[in-house]
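Peer 1:
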Amino acid sequence: MQTPYHPVDSLRSIRIGLAFLLTGSAMIFTAVVALRVSSAFHTHKQHRVDRIHQAILTRADYLKTTASYTDCITEAAKIPAESLFHSSAKNLQDQCQIALDETILSQVQTLVQAGQFQEAIAALQTISSQNARVQQLTEEWSRHILHIAEGYYIAPDANLSKAIEVASSIQVNNPLYIEAQVKIRQWQAEWASNQNHFQTAQAALKANQLEIALLHVQQINHPYWRQQSIPIVNAAYAEMALLDQAQTGQPTDSQPAQADRSSGVEAPQTSETYINVIEVPERLLLPFALITLILIRCRPTT
1 MQTPYHPVDS LRSIRIGLAF LLTGSAMIFT AVVALRVSSA FHTHKQHRVD
51 RIHQAILTRA DYLKTTASYT DCITEAAKIP AESLFHSSAK NLQDQCQIAL
101 DETILSQVQT LVQAGQFQEA IAALQTISSQ NARVQQLTEE WSRHILHIAE
151 GYYIAPDANL SKAIEVASSI QVNNPLYIEA QVKIRQWQAE WASNQNHFQT
201 AQAALKANQL EIALLHVQQI NHPYWRQQSI PIVNAAYAEM ALLDQAQTGQ
251 PTDSQPAQAD RSSGVEAPQT SETYINVIEV PERLLLPFAL ITLILIRCRP
301 TT
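Given below as structure tokens:
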């Protein structure tokens, strides 16, 4: 049996369909409006952030023009990697770092010339740039400081403690640190060896072991200790001449020295006294030649 058609039901269906359509349209409209509002807000926020970053970059650039390089680096570092201005900020940082390093190197030169080695090395340690010229100059000044330290050591009036102090100012992160430490150990070992030979020669001279004293003097190779050993050489050859005189019974020009010794007064001597006036026995010619060479090398230049 066919269901009778009711116009009321048809009208209700139409109304329901229209309601769904209107609701859907409203939701779509609301979503579109929300997206547009969100996009506008984000764009506004991004513009505001960009303006802040641009202001930071402008200030950093101004600090560079006033030679405030440290502040310039600090200011430019505030711009994050995701910023549109990050690349410009990084370039500005690099420029300020190089300029700062050049300024420090100029200060280092002044400090070195004033003999303030510790301060000079400390200033060098603040250089962080990877610029090749900066690294080259850093090594050059460090080597200059090490050369000055070596000068303190090898001088005739050597100052070992000062040499070590200057060389020790080259710190562990310096490219010449290992070389400086090796030199310090070499100086200490050589100084101790020379001092030991000198003291042994002194003791041998007092014990009248003249040839042993001269043999130890021959082992001395530092200018300072060679100079200190000259009186030992003079005294040893004077004593040898007296012994030879006693054996041969022939007088020598060393007789005045004997008189001075018997009176308890030591006659003033120079490094050339006994070389010029003493007749050397044949058995002593070889050691005499060696000692003469030492004395000539130690003789101060005028």
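In our numbering, the protein residues as written are 1 to 302.
For glycine and all other residues, C-beta sits at the position ideal for the given N, C-alpha and C.
Fair warning: this is a prediction, and the values are worked out from it, not measured in the lab.
With Glu102 and Leu111 assumed to form a contact (beta carbons below 8 Å), what rounded beta-carbon distance in angstroms separates them?
Peer 2: 15 Å between Cβ atoms; not a contact.
Peer 1: To the nearest angstrom, how far is it from the Cα of His147 to the Cα of Tyr224?
Peer 2: The alpha-carbon atoms of His147 and Tyr224 are separated by roughly 18 Å.
Peer 1: Return the CA-CA distance between Gln247 and Ile212, expressed in angstroms with no decimal places.
Peer 2: Their backbone Cα atoms lie some 20 Å apart in a straight line.
Peer 1: Going by other Cβ atoms of all chains shown within 10 Å of its Cβ, with 16 needed for buried, is Ile16 buried or exposed?
Peer 2: So Ile16 ends up on the exposed side.
Peer 1: Quick one: residues in its chain with C-beta nearer than 7 Å to the C-beta of Pro156, no 5 flanking neighbours on either side, listed in chain order?
Peer 2: Within the same chain, Pro156 has close Cβ partners Pro223, Tyr224, Gln227.
Peer 1: Are Leu215 and Ile232 close, meaning C-beta to C-beta below 7 Å?
Peer 2: No, they are not a contact pair.
Peer 1: Give a yes or no on whether the C-beta atoms belonging to Glu179 and Leu210 are separated by under 7 Å.
Peer 2: No. Outside cutoff.
Peer 1: Tell me where the alpha helix (DSSP H) around Phe198 begins and ends.
Peer 2: Residues 177-206.
Peer 1: Looking only at its own chain, which residues have a Cβ that is under 6 Å from the Cβ of Ser72, when we skip the five neighbours before and after it?
Peer 2: Here residue 72 turns out to be Cys, not Ser, going by the sequence shown. Hits under 6 Å: Ala60, Leu63, Lys64, Cys96.
Peer 1: Closest to Asn173 by CA distance: which of Gln245, Gln219, Asn91, Ile121 is it?
Peer 2: Checking every option, the nearest Cα to that of Asn173 belongs to Ile121.
Peer 1: Please look up how many angstroms separate the CB atoms of Glu75 and Ile56, rounded, as I've assumed it's under 8 Å.
Peer 2: Contact flag correct, Cβ pair sits at about 6 Å.
Peer 1: Mark Ala132 as exposed unless 16 or more other C-beta atoms lie within 10 angstroms of its C-beta, in which case mark it buried.
Peer 2: The residue is exposed, with fewer than 16 neighbouring Cβ atoms inside 10 Å.
Peer 1: So, using beta-carbon positions, are Ile184 and Ile170 closer together than 7 Å?
Peer 2: No.
Peer 1: Are the Cβ atoms of Glu139 and Pro175 separated by less than 7 Å?
Peer 2: Their beta carbons are under 7 Å apart, which means Glu139 touches Pro175 by this criterion.
Peer 1: To the nearest angstrom, how far is the alpha carbon of Lys78 from that of Tyr69?
Peer 2: For Lys78 and Tyr69, the distance between alpha carbons rounds to 15 Å.
Peer 1: For Gln109, tell me which candidate among Arg48, Val217, Leu137, Ala158 has the shortest Cα-Cα distance.
Peer 2: Here the closest residue by C-alpha is Leu137.
Peer 1: Considering only residues of the same chain and omitting the five flanking positions on each side of Tyr177, which have a CB-CB separation below 7 Å?
Peer 2: Ile170, Gln171, listed in sequence order.
Peer 1: Give the DSSP-derived three-state secondary structure of Ala163 in the structure shown.
Peer 2: The answer is helix: DSSP assigns Ala163 an H, G or I state.
Peer 1: Can you tell me the Cβ-Cβ gap for Ile145 and Phe117, rounded? I've got them flagged as a contact below 8 Å.
Peer 2: Indeed, because the Cβ distance is near 5 Å, the residues count as touching under 8 Å.
Peer 1: Tell me which same chain residues have a C-beta within less than 8 Å of the C-beta of Leu92, skipping the five on either side of it?
Peer 2: Counting only Cβ-Cβ distances below 8 Å, and skipping sequence neighbours, we find Leu57, Ala60, Asp61, Lys64, Cys72, Ala76.
Peer 1: Does the beta-carbon of Ser254 have 16 or more other beta-carbons within 10 angstroms, so that it is buried, or is it exposed?
Peer 2: Any reading at Ser254 needs caution, since the residue's pLDDT is 45, under 50, leaving its predicted position unreliable; the model's value is listed next. Its Cβ being crowded by 16 or more others within 10 Å, Ser254 is buried.
Peer 1: Residues in its own chain within less than 7 Å of Leu160 by CB, not counting five upstream and five downstream?
Peer 2: Excluding sequence neighbours, Leu160 sits near Tyr153, Trp187, Trp191.
Peer 1: What would DSSP say about Leu84, mapped onto helix, strand or coil?
Peer 2: Reduced to three states, the DSSP call for Leu84 is coil.
Peer 1: When you measure from the CB of Ser88 to every non-hydrogen atom of the ligand FAD, does any distance come out below 6 Å?
Peer 2: Of ligands this structure carries none, so the ligand FAD is not represented either.
Peer 1: Are the beta-carbon atoms of Ala201 and Val217 separated by less than 7 Å?
Peer 2: In contact: Ala201 and Val217 (Cβ atoms closer than 7 Å).
Peer 1: Would Leu124 be called buried (16 or more neighbouring beta carbons within 10 Å of its own) or exposed?
Peer 2: Buried.
Peer 1: Taking the alpha carbon of Ala207 as the reference point, which residue from Ile230, Ala236, Arg143, Gln113 has its own alpha carbon closest?
Peer 2: That would be Ala236, whose Cα lies nearest to the Cα of Ala207.
Peer 1: Can you give me the Cβ contacts of Val49 inside the same chain, cut-off strictly under 8 Å, excluding the 5 residues immediately before and after it?
Peer 2: The answer, listed in chain order, is Ser83.
Peer 1: Would DSSP call Val112 helix, strand or coil?
Peer 2: Residue state, collapsed to three classes: helix.
Peer 1: Work out the CA separation of Phe85 and Ala67 for me, nearest whole Å.
Peer 2: Taking the straight line joining both Cα atoms gives about 22 Å.
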